[in-house]
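These notes are about the structure you will find just below.
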Amino acid sequence: MPDAPRARKLAKRIVRIVASALEHEVKDPRLASVTITDAKITADLRDATVYYTVLGESLDSPPDRAAAAAALDSVKGVLRTKVGQGTGVRFTPTLAFVADSIPEDARHIDELLAKAKEADAEVARLANGAQPAGDPDPYKPPREEEPLED
171 MPDAPRARKL
181 AKRIVRIVAS
191 ALEHEVKDPR
201 LASVTITDAK
211 ITADLRDATV
221 YYTVLGESLD
231 SPPDRAAAAA
241 ALDSVKGVLR
251 TKVGQGTGVR
261 FTPTLAFVAD
271 SIPEDARHID
281 ELLAKAKEAD
291 AEVARLANGA
301 QPAGDPDPYK
311 PPREEEPLED
């Protein structure tokens, strides 16, 4: 059974090989904005899951994630051949491509942080001119001790 450091090392190598092949060798225009972000490989080194994002998102033209997924599926065999040539392992792992959800998660967290900042600003605005509900100094002053008479 392979050890975990070997699997991590192979996963990093797969990321580099697939990214390089997409950039330099695969000439599909649907893959021009695809970035490989990570790879996970099973303990038996037989199956690799490659995570990707589709960059270039703007308000006018969102990226076509379905076209990128179809393009990756169509070049899966070529990429597996490149991985086999580049890694030199006995059995070339099968490749499965999964869209990475990190950009959407990061955008959602940014939206939540913006809402929290607005709520904090509203609380600060309301507290700016507020007066305490009770006494201005709610603490009792310390008792002054009377000197003892002899």
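Residues in the sequence shown are numbered consecutively from 171, following our numbering. Ideal placement from N, C-alpha and C gives every residue a C-beta, glycine not left out.
Distance from the CA atom of valine 248 to the CA atom of alanine 291, rounded to whole angstroms, is 54 Å. Around the beta carbon of proline 263, 16 or more other beta carbons sit within 10 angstroms, so the residue counts as buried. Across the set Ile184, Glu316 and Ile272, the C-alpha of Ile272 shows the shortest separation from the C-alpha of threonine 223. With 16 or more other Cβ atoms from the protein chains shown falling within 10 Å of its own Cβ, phenylalanine 267 counts as buried. Collapsing the DSSP output to three states places alanine 266 in a strand. Lysine 252 sits in a helix when the DSSP states are folded into three classes. Contact between the region 208-220 and the region 176-193 is present: 3 or more CB-CB pairs across the two stretches fall below 8 Å. In the DSSP assignment, aspartate 234 falls outside any beta strand (DSSP E), carrying neither H nor E.
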